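Student:
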Amino acid sequence: MRIMYFIITLVICFCTTTLQAENRANDLMKQAQSSLEQKDYTKARYLFLQAYKAFSNEGDYTQAIDCGTKATYLYYRENYYQEAFELCRQMTQFLLTEEEKAQKTFYDQRFQLTKERLQMYIKLKNAAQAQLQLNTLDNLASQSGSSKLSDDLLYTQTSYYYTFGQNEQGDASFQKLINQYKDKKEYDKVSDCYRNLIAIARTANNASLMERTYEKYIVWTDSVKALNAQDELGALQLKYDESLQTIQEKDDKLSGKQYMIVGLCTLVVILIAGLLFVAFLLLRFIVLNKKLKNIIKTTNEHSEQQTLFIQSISEQMKPTLDKLDVSARELRTTAPQQAGSIQTRVDALKQFSVNIQELSSLESSLLEPYETQSFNVGSFCKKTMDKVKDKINPDVEVIVDAPQLEVKTNAEQLERILLHLLNNAAQYTTSGKIWLEFKRKGAHLCHLIVTDNGTGIPDEQKENLFKPFSEVKDLAEGDGLGLPICALIANKLNGNLSIDMEYKKGARFILVLQI
4 MRIMYFIITL VICFCTTTLQ AENRANDLMK QAQSSLEQKD YTKARYLFLQ AYKAFSNEGD
64 YTQAIDCGTK ATYLYYRENY YQEAFELCRQ MTQFLLTEEE KAQKTFYDQR FQLTKERLQM
124 YIKLKNAAQA QLQLNTLDNL ASQSGSSKLS DDLLYTQTSY YYTFGQNEQG DASFQKLINQ
184 YKDKKEYDKV SDCYRNLIAI ARTANNASLM ERTYEKYIVW TDSVKALNAQ DELGALQLKY
244 DESLQTIQEK DDKLSGKQYM IVGLCTLVVI LIAGLLFVAF LLLRFIVLNK KLKNIIKTTN
304 EHSEQQTLFI QSISEQMKPT LDKLDVSARE LRTTAPQQAG SIQTRVDALK QFSVNIQELS
364 SLESSLLEPY ETQSFNVGSF CKKTMDKVKD KINPDVEVIV DAPQLEVKTN AEQLERILLH
424 LLNNAAQYTT SGKIWLEFKR KGAHLCHLIV TDNGTGIPDE QKENLFKPFS EVKDLAEGDG
484 LGLPICALIA NKLNGNLSID MEYKKGARFI LVLQI
């Protein structure tokens with residue numbers, strides 16, 4: 004515990020001592036500056052020297068070199084050159100030590116110290132040594148890349164050249180410095196340069212330089228007003244140009260907004276026109292739909308009336324046909340041939356009456372679908388073919404190609420279509436083959452195909468094959484309503500019945516069903 008207390012006490016004492024040393028160095032520097040302002044040069048020199056030593060001990064090279072160079076000036080001001088050069092040597096050694104610690108070069112402090120040496124050699128009129136110091140300053144300014152040191156170098160070069168009578172080089176350096184400040188528009192510094200040069204000429208008792216500089220200074224004083232006015236005019240012109248640019252940008256934005264507004268207005272007009280057109284189409288659709296509903300309603304009413312009329316005619320014909328049937332039977336004993344002909348026509352008329360009633364009933368109920376149920380299509384097709392086998396010529400090969408697959412439709416109505424197609428195939432096929440095939444074409448689409456190698460159907464009859472009353476024929480040979488009835492049943496099964504127009508080796512009917 005005592006050791007810890009001792010360590011803390013040492014740290015506090017060290018920090019206090021450091022702070023006191025720093026405060027002492029600053030106080031010495033302030034006192035030295037005050038003595039210099041009071042022109043007490045001896046005291047000022049002593050205090051600057053003490054401040055230099057204090058800052059050196061702290062490692063504050065910036066303040067140390069600043070105080071040291073001021074002490075050097077106060078030495079050679081009173082011709083104590085030996086002491087001045089010795090102090091410069093000490094400062095050089097101090098800088099080398101600090102640079103080694105920091106691992107970098109202190110260009111500003113080296114420049115300041117070398118410049119002080121240069122001033123001593125200028126005062127001693129030692130041109131050769133002064134030139135060496137000037138070259139060193141040039142190298143330091145170049146290596147540092149500092150614009151501040153470059154400007155200071157031009158000042159120093161100007162002072163050197165004028166002091167040693169090298170007026171052309173002095174004018175060149177001075178003009179270069181002036182041009183730099185002019186380019187930066189630092190006109191106050193240009194005026195300071197002229198005043199400093201006048202002071203240098205006065206110190207060197209160079210009357211011609213002082214006169215020439217005064218003349219240039221007067222010309223500059225007049226011209227700087229014009230330059231300031233020109234700069235102000237340029238600034239105003241720049242503001243004016245910026246204002247014009249701002250106005251132009253706002254004008255462009257306004258024009259853009261105007262174009263946008265025009266575009267939006269055009270778009271609104273187009274949208275309104277489009278809406279009006281759509282409204283017109285919608286209204287037209289509503290009107291047409293209403294007309295279509297009326298037409299459908301009228302057609303349905305006519306169809307119902309037609310069905311009722313046909314039923315009425317059939318019912319009225321039935322007693323007459325029954326009497327003709329009885330008469331035909333009575334004639335069988337006396338005139339069997341005539342009786343057979345009459346019986347055939349009576350049966351045809353009865354079948355026609357049944358078919359036309361069914362055709363009319365199907366047409367009036369097309370929008371009423373059949374009830375559906377699931378069944379095995381393979382077994383269904385085989386049973387359907389078995390029902391017509393006794394009507395098929397023994398020389399005809401029967402083929403059923405249907406997988407054991409469940410489908411959902413109305414089996415009774417589907418069987419009616421297939422039986423009619425198979426009966427027709429059996430009637431017109433004396434040799435060859437009759438096929439009944441089932442093909443799955445999609446998840447809910449299938450084909451039932453009936454094919455035969457019979458006599459086929461002429462191409463000119465295929466177009467009207469499913470249209471009722473498309474030709475006038477003897478009813479004893481059939482009324483031609485079977486296929487139209489099958490087509491209507493197919494429609495009510497959500498399907499379509501058609502004939503393969505490309506098949507030429509007989510007839511092929513294709514029933515497409517949505518299952």
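Numbering (our numbering), first residue to last: 4 to 518.
Note that the Cβ used here is the ideal one computed from N, Cα and C, for glycine as well.
Owing to the predicted nature of the structure, the values given are computational and were not obtained by experimental measurement.
1) Using the Cα positions of Ala282 and Gly266, report the straight-line distance between them to the nearest angstrom.
2) Ends of the beta strand (DSSP E) at Phe378?
3) For Cys91 and Leu50, I'd like the C-alpha separation in whole angstroms.
4) Judging by CA-CA distance, which residue of Ala35, Ser356, Tyr165 and Asp186 is the nearest neighbour of Ala202?
5) Comparing alpha-carbon positions, which option in Leu270, Lys192 and Lys470 lies nearest Asp154?
6) Quick one: complete alpha helix (DSSP H) runs, 4+ long, within the region 73-156?
7) For Leu52 and Leu98, what's the separation of their Cα atoms in angstroms?
8) From Ser364, Ser377 and His423, pick the residue whose C-alpha is nearest to that of Thr387; which is it?
9) Pick out the complete beta strand (DSSP E) segments inside the region 377-423, 3 residues or longer, and give them in chain order.
10) With C-beta atoms as the reference, is Thr72 less than 8 Å away from Glu119?
11) Could you spell out the range, first to last residue, of the beta strand (DSSP E) harbouring Ser59?
12) Does the distance from the CB of Lys465 to the CB of Ile502 come in under 8 Å?
13) Are Ala428 and Gly457 touching if we call contact CB-CB under 8 Å?
14) In whole angstroms, what is the alpha-carbon distance linking Glu463 and Val410?
15) Would you check if the distance between the CB atom of Met123 and the CB atom of Tyr158 is smaller than 8 Å?
16) When burial is assigned at 16 or more other CB atoms within 10 Å of the CB, is Thr161 buried or exposed?
17) Alpha helix (DSSP H) containing His485: first to last residue?
18) Which residue's Cα is closest to the Cα of Ile68: Phe177, Phe114 and Glu252?
19) For Val222, which option in Gly483, Thr412 and Ser194 has the closest C-alpha, if you only look at C-alpha atoms?
20) Under 8 Å, do Tyr519 and Leu127 count as touching if we go by C-beta distance?
21) Rounded to a whole number of angstroms, what is the C-alpha to C-alpha distance between Tyr83 and Gln169?
22) Going straight from the alpha carbon of His447 to that of Gln517, what length do you get?
23) Could you tell me the alpha carbon to alpha carbon distance between Thr433 and Glu400, rounded to whole angstroms?
24) Would you check if the distance between the CB atom of Phe469 and the CB atom of Ala490 is smaller than 8 Å?
25) For the beta strand (DSSP E) containing Glu440, name the first residue and the last one.
26) Would you kindly work out how many angstroms separate the C-alpha atoms of Lys507 and Phe280, rounded to a whole number?
27) The alpha helix (DSSP H) that contains Gly173, what's its start and end?
28) Give the range of the beta strand (DSSP E) segment to which Asp462 is assigned.
29) When you compare only the Cα positions, how much space is there between Val515 and Arg287?
30) So what's Leu451 in DSSP terms, helix, strand or just coil?
31) Would you report the Cα separation of Ser356 and Leu362, rounded to the nearest angstrom?
32) Cutting at 6 Å between CB atoms, please list the residues of its own chain near Arg511, excluding the five before and the five after it.
33) Do Phe383 and Pro406 count as a contact pair if the criterion is CB distance below 8 Å?
34) Within a Cβ cutoff of 7 Å, which residues of the same chain sit near Ile29, ignoring the five residues on either side of it in sequence?
35) Return the bridge partner residues of Gln240 from the DSSP annotation.
36) Is Ser368 helix, strand or coil by DSSP?
Tutor: Result, derived from the coordinates:
1) Indexing the sequence shown from 1 puts residue 282 at position 279. Indexing the sequence shown from 1 puts residue 266 at position 263. As the crow flies, the alpha-carbon of Ala282 is around 24 Å from that of Gly266.
2) Reading the sequence shown from its first residue, position 375 is the one you call residue 378. Per DSSP, Phe378 is one residue of the beta strand (DSSP E) stretching across Gln376 to Asn379.
3) Start at 1 with the first residue of the sequence shown, and residue 91 comes out as number 88. Start at 1 with the first residue of the sequence shown, and residue 50 comes out as number 47. Their backbone Cα atoms lie some 17 Å apart in a straight line.
4) Position 199 of the sequence shown, counting from 1, holds the residue named residue 202. The closest CA to that of Ala202, considering only Ala35, Ser356, Tyr165 and Asp186, is found on Tyr165.
5) Translated into positions along the sequence shown, residue 154 becomes position 151. Ranking Leu270, Lys192 and Lys470 by Cα distance to Asp154 puts Lys192 first.
6) Qualifying alpha helix (DSSP H) stretches, in chain order: 84-105, 110-126 and 130-147.
7) As a first step, residue 52 must be located in the sequence shown, where it is residue number 49. As a first step, residue 98 must be located in the sequence shown, where it is residue number 95. In a straight line, the C-alpha of Leu52 is about 16 Å away from that of Leu98.
8) Position 384 of the sequence shown, counting from 1, holds the residue named residue 387. Thr387 has its Cα closest to that of His423, out of Ser364, Ser377 and His423.
9) Counting whole runs of 3 or more residues, the region 377-423 contains the beta strand (DSSP E) stretches 399-404 and 409-412.
10) As a first step, residue 72 is located in the sequence shown; it is residue number 69 there, counting from the start. As a first step, residue 119 is located in the sequence shown; it is residue number 116 there, counting from the start. The Cβ atoms of Thr72 and Glu119 sit closer than 8 Å to each other.
11) The residue you call residue 59 lines up with position 56 of the sequence shown. No beta strand (DSSP E) contains Ser59, which is instead part of the alpha helix (DSSP H) from Tyr44 to Glu61.
12) Start at 1 with the first residue of the sequence shown, and residue 465 comes out as number 462. Start at 1 with the first residue of the sequence shown, and residue 502 comes out as number 499. Judged by their CB atoms, Lys465 and Ile502 are nearer to each other than the 8 Å cut-off.
13) Indexing the sequence shown from 1 puts residue 428 at position 425. Indexing the sequence shown from 1 puts residue 457 at position 454. With respect to the 8 Å criterion, Ala428 and Gly457 are classified as neighbours on the basis of their beta carbons.
14) Position 460 of the sequence shown holds residue 463. Position 407 of the sequence shown holds residue 410. When rounded, the distance between both Cα atoms is 36 Å.
15) Along the sequence shown, read from residue 1 onward, the residue named residue 123 stands at position 120. Along the sequence shown, read from residue 1 onward, the residue named residue 158 stands at position 155. Here Met123 is not near Tyr158, since their CB atoms are 8 Å or more apart.
16) Residue 161 sits at position 158 when you count from the first residue of the sequence shown. Buried.
17) Residue mapping note: residue 485 aligns to position 482 of the sequence shown, counting from 1. Before going on, a small fix: residue 485 reads as Gly here, not His. Membership of Gly485 in the alpha helix (DSSP H) is indicated by the continuous run Gly485 to Lys495.
18) By 1-based counting over the sequence shown, the position of residue 68 is 65. Comparing Cα-Cα distances from Ile68 to each of Phe177, Phe114 and Glu252, the minimum goes to Phe114.
19) Residue 222 sits at position 219 when you count from the first residue of the sequence shown. Relative to Val222, the option among Gly483, Thr412 and Ser194 whose CA is nearest is Ser194.
20) Outside the shown range of the chain, which is 4 to 518, sits residue 519, and nothing can be said about it.
21) Working through the sequence shown from its first residue, we reach residue 83 at position 80. Working through the sequence shown from its first residue, we reach residue 169 at position 166. Taking C-alpha positions only, Tyr83 is separated from Gln169 by approximately 28 Å.
22) Numbered from its first residue, the sequence shown carries residue 447 at position 444. Numbered from its first residue, the sequence shown carries residue 517 at position 514. His447 and Gln517: Cα-Cα distance of roughly 6 Å.
23) Within the sequence shown, the letter at position 430 stands for residue 433. Within the sequence shown, the letter at position 397 stands for residue 400. When the Cα atoms are used, Thr433 and Glu400 turn out to be separated by approximately 10 Å.
24) Looking up residue 469 in the sequence shown gives position 466. Looking up residue 490 in the sequence shown gives position 487. For Phe469 and Ala490, yes; Cβs fall inside 8 Å.
25) Working through the sequence shown from its first residue, we reach residue 440 at position 437. Looking at the DSSP string, the run of the beta strand (DSSP E) that includes Glu440 is Gly435 to Gly445.
26) In the sequence shown, residue 507 corresponds to position 504, counting from 1. In the sequence shown, residue 280 corresponds to position 277, counting from 1. Each residue's Cα considered, the two are about 52 Å apart.
27) Counting from one through the sequence shown, the residue named residue 173 turns up at place 170. First-last of the alpha helix (DSSP H) with Gly173: Asn170 to Asp186.
28) The residue given as residue 462 occupies position 459 in the sequence shown. It is not in any beta strand (DSSP E) - Asp462 instead sits in the alpha helix (DSSP H) that spans Asp462 to Lys465.
29) Position 512 of the sequence shown, counted from the start, is the residue given in the question as residue 515. Position 284 of the sequence shown, counted from the start, is the residue given in the question as residue 287. If you draw a straight line from the Cα of Val515 to the Cα of Arg287, it is about 35 Å long.
30) The count along the sequence shown starts at 1 and reaches residue 451 at position 448. In the structure shown, the three-state DSSP call for Leu451 is strand.
31) Counting from 1 along the sequence shown, the entry for residue 356 is found at position 353. Counting from 1 along the sequence shown, the entry for residue 362 is found at position 359. Here the alpha carbons of Leu362 and Ser356 stand approximately 10 Å from one another.
32) Within the sequence shown, residue 511 is the residue found at index 508, counting from 1. A distance below 6 Å between beta-carbons, with the five flanking residues on each side excluded, links Arg511 to the following residues of its chain, in chain order: Thr454 and Asp503.
33) Position 403 of the sequence shown, counting from 1, holds the residue named residue 406. Position 380 of the sequence shown, counting from 1, holds the residue named residue 383. Not a contact, by the Cβ cut-off of 8 Å.
34) Numbered from 1 along the sequence shown, position 26 holds the residue referred to as residue 29. In the sequence on display, residue 29 carries Asn and not Ile. Cβ-Cβ distances below 7 Å link Asn29 to nothing in the same chain once the five nearest sequence neighbours on each side are left out.
35) Reading the sequence shown from its first residue, position 237 is the one you call residue 240. Paired residue(s): none; Gln240 is not in a bridge.
36) Within the sequence shown, residue 368 is the residue found at index 365, counting from 1. Of the three classes helix, strand and coil, the one that applies to Ser368 here is coil, per DSSP.
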